[in-house]
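In our numbering, the protein residues as written are 180 to 461.
For glycine and all other residues, C-beta sits at the position ideal for the given N, C-alpha and C.
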């Protein structure tokens, strides 16, 4: 079956050429993106994704595009989902890149966008039955600045961590900042649980400002679970009762093993249930 993308409002076959060799995303990683979960044929947390996208575009000094608003994007995502026969749950990627022109210094700051929609097998958020095994990725550290919190297409450190993950047969790697604080996974934020309290690195430590991270904090607080944003060292992980990872596609992924430490998943189960209640009500 043919699959389509939306490029600047136009449907194009997903395997057709869209950009030239001068594309700034290809040349310089001069782009950012949002990964959005489609559940029950509804783009989840779209407002939060658009707000984060706008904040990232401001950091990168990209001009606003009038089409990147909730009304247009919801319609465009659902129209593309229907065209690609995604009728319930799916994975959406919205990429925004600066238009070609110039070398490192761009000719101007106007942008283009690409929307992709693909099906996912799971209906709603399902907690993984087999816990993840994770370890640290230490070869390169992530800087602490305004660029660290956005979903940039300049993702070399995540690619290198992914290679490390595969080579060491891990389910996920945990990244460090330049102060050796543990900040996130390759495609996820991280939470530790101790005595029923959640601990997660602050965005200022260099982690991506995850939409699902924000939602889990809101859900926890609404259910009278305390949440502390603190710099996380190895002792926090080793002293935790539970450890879990979050992103908008998978929801929560519980961790069973970090080094010699083993974890439970009671809180992960409860929060997954609350997360599904939230998307059912949307």
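- Under DSSP, residue 273 shares a beta bridge with 213 and 294.
- In the displayed model, residue 230 falls within a helix according to three-state DSSP.
- Exposure of residue 245 is indicated by the presence of fewer than 16 other C-beta atoms within 10 angstroms of its C-beta.
- Inclusion of residue 430 and residue 330 in the CB contact set at 8 Å is not warranted, their separation being larger than that value.
- If the five residues before and after residue 361 are omitted, its C-beta is found closer than 8 Å to the C-beta atoms of 315, 353, 354, 355, 369, 380, 411, 412, 413, 415 and 416, all from its own chain and listed in chain order.
- For residue 445, there is no enclosing beta strand (DSSP E); the enclosing alpha helix (DSSP H) has its first and last residue at 445-460.
- Taken atom to atom, the span from the alpha-carbon of residue 208 to that of residue 294 is near 17 Å.
- Annotated three-state conformation of residue 376 is strand, per DSSP.
- Counting along the chain, the unbroken beta strand (DSSP E) around residue 436 starts and ends at 430-437.
- Here residue 370 is bridged, per DSSP, to 423.
- Judged by DSSP in its simplified three-state form, residue 300 adopts coil rather than helix or strand.
- CA-to-CA, the gap between residue 285 and residue 333 works out to about 16 Å.
- Closest in alpha carbon position to residue 258, among 458, 189, 197 and 406, is 189.
- Secondary structure of residue 411 (DSSP, three-state): strand.
- Approximately 5 Å separates the beta-carbon atoms of residue 263 and residue 182; this is inside 8 Å, confirming the contact.
- Of all C-beta pairs linking the stretch 269-283 to the stretch 201-221, three or more are shorter than 8 Å, placing the two stretches in contact.
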